[in-house]
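A short write-up of the structure that comes next.
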Amino acid sequence: MHGKPGVSIAPGMTDDEAAYLAAIVHGSADAILSTDVKGVIRSWNGSCERLFGHTAAEMIGSCVSEIVPPELREEAREIGHRVGMGESIESFETVRLTKQGRPIEVSITFSPIRHTTGAIVGISEIVRDVSQAKKAERSAAMLAAIVASSSDGVVSKTLDGTITSWNKSAERIFGFTETEMLNRSIRSIIPPERQPEEDSILSTVVSGAIIDNFETVRVRKDGALIDVSVTVSPVRDTAGRIIGASKIVRDITDKRQTREQLRTLLAEVNHRSKNLLSLVQAIARQMTRHGRQLDLGRFLERLQAIASNQDLLIQNDWRFIPLGDLVRSQLGAFSDLIGNRITIEGPQIELTPEAAQSVGMAIHELATNAAKYGALSNDDGHIMICWSADRQIFEMRWTEESGPPVSPPQHTGFGSRVISDLVRAGLEGTVEVLFPPSGLRWHLSCPLQRISRGRIHARP
Amino acid sequence: MPVPDKLHILIVEDDPLIGFDLAVELEAAGFAVTGVAPTVDTALQLLERHRCDLAVLDVNLGRETSAPIARALVSAGVPFVAVTGYSVEQCPEEFSSAPLLAKPFQTARLVAALRRQLHQ
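Chains as they are written, first to last, in our numbering: chain A, 864 to 1323; chain B, 608 to 727.
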């Protein structure tokens, strides 16, 4: 021990015994220093030199406050005072400074040094550098905070499935509190038919492998089943042995619902596409019956009429098409003539998609026919389109006037079948197509419920 | 000269033009069309009141499926062929034993399937 040689504090101690005790302090791996009651350093062992950087020669006779950060000097003075009154303070965590001025986290045990008379003549300090331990502690605290605040459930268990930790999100997902679940088996949240899963999870973990995003079903406290995604990893001790597993559980009910909605939606899209293809097939087929050549222009116009119907349907969420919009849409370029050579009159009726198809195609055919041979093929012709819905009967009329003189058509092409047979069959009503010299007259009458499921507004 | 008796076929299809086309095609193929029913109610009515030797069913009729019609046809011993725009797995179980054609289909395939059902 560096310091005043030959100072025997204990009575009857030989110089050999004193030297022996001195050697213990000198060779100790702990940093041991001592001060008088006023804080002047009396001894400073080798480990102090290593820990703080100052040599014994530099420190002996100096004040211990040299290694105390300024803001902690008041604290150090208070401790000095307490120990000077006879108190021992163990493992006091504080901060001291190295010779370079670098702060180090330490744990100090202070003890009073007593003279044989019992009077306190100094203070011994055993200083331990706890920076590594503190770092590990802070690391652990941060990880604990991450687990605590994670929105996924984090659960740890031993190899026999006993739960050793259960975070807040696990409480939220499963409804069981931490207190309820600690030391219970993980099997209590596994539905009976899925119990074998736990066995295979454990055997995978024991082999050191990780289970990543395994989708399965678990049970809540209230008995409800929930869709979850589970990631399981082995937990090892410091020797590397697997002593348990940690599970991250995510509630994927929403995700699963969204997936199913998408699947339903895609099936619906597929169905509608197939229907449209069937429609195109039907038109092509019906236009070429009896060996007729396909009139490509008319074919494409009819496809366009279908497409316009689709647009109107989509605008109304595929639920209905307002009749006024349908008529205007199917008149196409001729809609410019509305209010002039074409008059439209009737309450706003919401047509079902099926009724809209029949009526829409009929309007398209009637308009095309009017443009080719009827009231729109000259400069003076006029068309009146009107409809009504009284006492559950729907009536619609297309009346042409002042066009070139007409006569009944020779053969029934696709167009004439559309305005009569198709509409008749589709709406279970009656259709009358007349060709008086004044101009074509088309009259449809059918039950209102065949054409509309919706409301009827007075405004057209 | 006795005219060979035509087979009467019921068409169940909610799309008017597709139903219309199918009726024309089947008539051309030598069938007598009992009617084109767009709903379960209409179909069951036609089934009850008219002769019906065979049927073609569209599985999906807008708001409803034609499963009740399939059941009625099975009870009445009337063979039928189902058609659909959905995939096979998506059809109700009433259709599990009937042949299922994907839309769009060739008339010849439908007629062949109908005749096969008739002879079973």
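Virtual Cβ for every residue (Gly too), placed ideally from N, Cα, C.
Here the structure is a predicted model, which is why all the values come from computation and not from measurement.
Using a Cβ cut-off of 8 Å, pull out every chain A residue sitting near Gln-728 of chain B, in sequence order please. Lying before the first or after the last residue shown, residue 728 of chain B is absent from chain B, which here runs from 608 to 727.
Please confirm whether Asp-749 of chain B and Val-619 of chain B have their CB atoms less than 8 Å apart. Because chain B here runs from 608 to 727, residue 749 of chain B falls outside it and cannot be looked at.
By DSSP's criteria, Asn-667 of chain B is part of a beta bridge. Which residues make up the other side? For the purposes of this step, residue 667 of chain B is taken as the residue at position 60 of the second sequence. DSSP, once it has assigned bridges, lists B:Thr-672 as partnering Asn-667 of chain B.
With Arg-1165 of chain A as the anchor, note down where its alpha helix (DSSP H) starts and where it stops. The sequence position of residue 1165 of chain A within the first sequence is 302, counting from 1. Per DSSP, Arg-1165 of chain A belongs to the alpha helix (DSSP H) from 1159 to 1178.
On the three-pair Cβ rule with 8 Å, is the stretch 1046 to 1062 of chain A touching the stretch 1096 to 1104 of chain A? no
Glu-620 of chain B in three-state terms, based on DSSP: Here residue 620 of chain B is taken as the residue at index 13 of the second sequence, counted from 1. The answer is coil: DSSP assigns Glu-620 of chain B none of H, G, I, E or B.
Would you call Phe-915 of chain A buried or exposed, if buried means 16 or more other Cβ atoms sit within 10 Å of its Cβ? As a first step, residue 915 of chain A must be located in the first sequence, where it is residue number 52. Flag for Phe-915 of chain A reads buried.
Secondary structure at Pro-1332 of chain A, three-state DSSP: helix, strand or coil? Since the first and last residues shown for chain A are 864 and 1323, residue 1332 of chain A lies out of range.
Decide if Trp-1261 of chain A is buried, meaning its Cβ has at least 16 other Cβ atoms within 10 Å, or exposed. One-based indexing of the first sequence puts residue 1261 of chain A at position 398. The residue is buried, with at least 16 neighbouring Cβ atoms inside 10 Å.
Taking one C-beta from the stretch 1038 to 1045 of chain A and one from the stretch 1056 to 1064 of chain A each time, how about it: are there three or more such pairs within less than 8 Å? no
Quick one: residues in its chain with C-beta nearer than 6 Å to the C-beta of Gly-866 of chain A, no 5 flanking neighbours on either side, listed in chain order? Counted from its first residue, the first sequence places residue 866 of chain A at position 3. Unreliable placement is indicated for Gly-866 of chain A, whose pLDDT of 42 sits below 50; the coordinate value is still reported in the next sentence. Taken in chain order, the residues that qualify are Arg-905, Ser-906.
Taking C-alpha atoms, which residue in A:Ile-1036, A:Ala-1004, A:Asp-1023 lies nearest to Val-1017 of chain A? As a first step, residue 1017 of chain A must be located in the first sequence, where it is residue number 154. Here the closest residue by C-alpha is A:Ile-1036.
Using a Cβ-Cβ cutoff of 9 Å, what residues of the stretch 618 to 633 of chain B are near chain A? List them in chain order. Asp-621, Asp-622, Pro-623, Leu-624, Ile-625, Gly-626, Phe-627, Asp-628, Leu-629, Ala-630, Val-631, Glu-632
Would you mind telling me which residues of chain A sit closer than 9 Å to Gly-669 of chain B, beta carbon to beta carbon, in chain order? If you number the second sequence from 1, residue 669 of chain B lands on position 62. In chain order: Thr-1215, Pro-1216, Glu-1217.
Using beta carbons (cut-off 8 Å, strictly below), is Val-718 of chain B in contact with chain A? One-based indexing of the second sequence puts residue 718 of chain B at position 111. Not one chain A Cβ lies under 8 Å of Val-718 of chain B.
Would the beta-carbon of Ala-1238 of chain A fall within 8 Å of that of Glu-1217 of chain A? Working through the first sequence from its first residue, we reach residue 1238 of chain A at position 375. Working through the first sequence from its first residue, we reach residue 1217 of chain A at position 354. Cβ atoms of Ala-1238 of chain A and Glu-1217 of chain A: not closer than 8 Å.
Residues that Gly-1278 of chain A bridges to, as DSSP identifies them: The count along the first sequence starts at 1 and reaches residue 1278 of chain A at position 415. None, per the DSSP bridge assignment.
Taking C-beta to C-beta, are Gly-943 of chain A and Ile-983 of chain A nearer than 8 Å? By one-based count along the first sequence, residue 943 of chain A stands at place 80. By one-based count along the first sequence, residue 983 of chain A stands at place 120. Cβ distance not < 8 Å, so Gly-943 of chain A and Ile-983 of chain A don't count as in contact.
Applying a beta-carbon distance threshold of less than 8 Å, which residues of chain B neighbour Asp-1100 of chain A? On the first sequence, position 237 is the one that residue 1100 of chain A refers to. Under the 8 Å cutoff, chain B gives no residues; its nearest Cβ is about 50 Å from Asp-1100 of chain A.
Taking Cβ positions, are His-615 of chain B and Cys-659 of chain B nearer each other than 8 Å? As a first step, residue 615 of chain B is located in the second sequence; it is residue number 8 there, counting from the start. As a first step, residue 659 of chain B is located in the second sequence; it is residue number 52 there, counting from the start. Going by C-beta atoms, His-615 of chain B is nearer than 8 Å to Cys-659 of chain B.
Buried or exposed for Arg-1254 of chain A, going by 16 or more other Cβ atoms inside 10 Å? Position 391 of the first sequence, counting from 1, holds the residue named residue 1254 of chain A. So Arg-1254 of chain A ends up on the exposed side.
For Trp-1250 of chain A, list the residues DSSP reports as bridge partners. Your numbering for residue 1250 of chain A matches position 387 in the first sequence. According to DSSP, Trp-1250 of chain A bridges with A:Met-1259.
From the DSSP secondary-structure annotation, give me the bridge partner or partners of Cys-1309 of chain A. Numbered from its first residue, the first sequence carries residue 1309 of chain A at position 446. DSSP output for Cys-1309 of chain A lists A:Phe-1257 as bridge partner(s).
CA-to-CA distance, Ala-1252 of chain A to Gln-1193 of chain A, given in whole angstroms: Start at 1 with the first residue of the first sequence, and residue 1193 of chain A comes out as number 330. Start at 1 with the first residue of the first sequence, and residue 1252 of chain A comes out as number 389. For Gln-1193 of chain A and Ala-1252 of chain A, the distance between alpha carbons rounds to 21 Å.
Own chain partners of Asn-1100 of chain A with C-beta closer than 6 Å, once the 5 adjacent residues on each side are dropped: Counting from one through the first sequence, the residue named residue 1100 of chain A turns up at place 237. Looking at the sequence provided, one finds Asp at residue 1100 of chain A rather than Asn. If we look at Asp-1100 of chain A and ignore the five residues flanking it on each side, its Cβ neighbours are Ile-1106.
Straight-line Cα distance separating Pro-711 of chain B from Val-1143 of chain A: The sequence position of residue 1143 of chain A within the first sequence is 280, counting from 1. The sequence position of residue 711 of chain B within the second sequence is 104, counting from 1. Looking at the two C-alpha atoms, the distance is approximately 9 Å.
Distance check for Ser-1270 of chain A and Pro-804 of chain A, CA to CA, integer angstroms please. Nothing about residue 804 of chain A can be read from this structure; chain A reaches only from 864 to 1323.
At a Cβ threshold of 8 Å, is Pro-675 of chain B touching chain A? Taking the second sequence and counting its residues from 1, one reaches residue 675 of chain B at position 68. By this cut-off, Pro-675 of chain B is not an interface position.
Is it right to say Thr-1275 of chain A is buried, meaning 16 or more other beta carbons lie within 10 angstroms of its own, or is it exposed? Within the first sequence, residue 1275 of chain A is the residue found at index 412, counting from 1. Classification for Thr-1275 of chain A: exposed.
Can you say whether His-1153 of chain A is buried or exposed, counting buried as having 16 or more other CB atoms within 10 angstroms of its CB? Stepping through the first sequence from its first residue, residue 1153 of chain A is reached at position 290. It counts as exposed.
Using a threshold of 8 Å, state whether the C-beta atoms of Leu-654 of chain B and Asp-621 of chain B are closer than that. For this step, residue 654 of chain B is matched to residue 47 along the second sequence. For this step, residue 621 of chain B is matched to residue 14 along the second sequence. No.
How big is the Cα-Cα spacing for Asp-879 of chain A and Ala-885 of chain A? Position 16 of the first sequence holds residue 879 of chain A. Position 22 of the first sequence holds residue 885 of chain A. Distance between the alpha carbons of Asp-879 of chain A and Ala-885 of chain A: 10 Å.
Helix, strand or coil for Gly-869 of chain A per DSSP? Residue 869 of chain A sits at position 6 when you count from the first residue of the first sequence. Reliability fails at Gly-869 of chain A, whose pLDDT of 35 lies under 50, so the model's placement of it is uncertain and no value is given.
Boundaries (first-last residue) of the alpha helix (DSSP H) holding Glu-1295 of chain A: Numbered from its first residue, the first sequence carries residue 1295 of chain A at position 432. First-last for Glu-1295 of chain A: 1293 to 1297, but that is the beta strand (DSSP E), not the alpha helix (DSSP H).
Classification of Trp-1305 of chain A by the beta-carbon crowding that lies within 10 angstroms, buried from 16 upward: What you label residue 1305 of chain A is simply residue 442 of the first sequence in a count that begins at 1. Buried, by the Cβ-count rule.
Can you confirm whether the stretch 691 to 706 of chain B touches the stretch 636 to 651 of chain B when touching is taken to mean that 3 or more C-beta pairs between the two stretches lie within less than 8 Å? no
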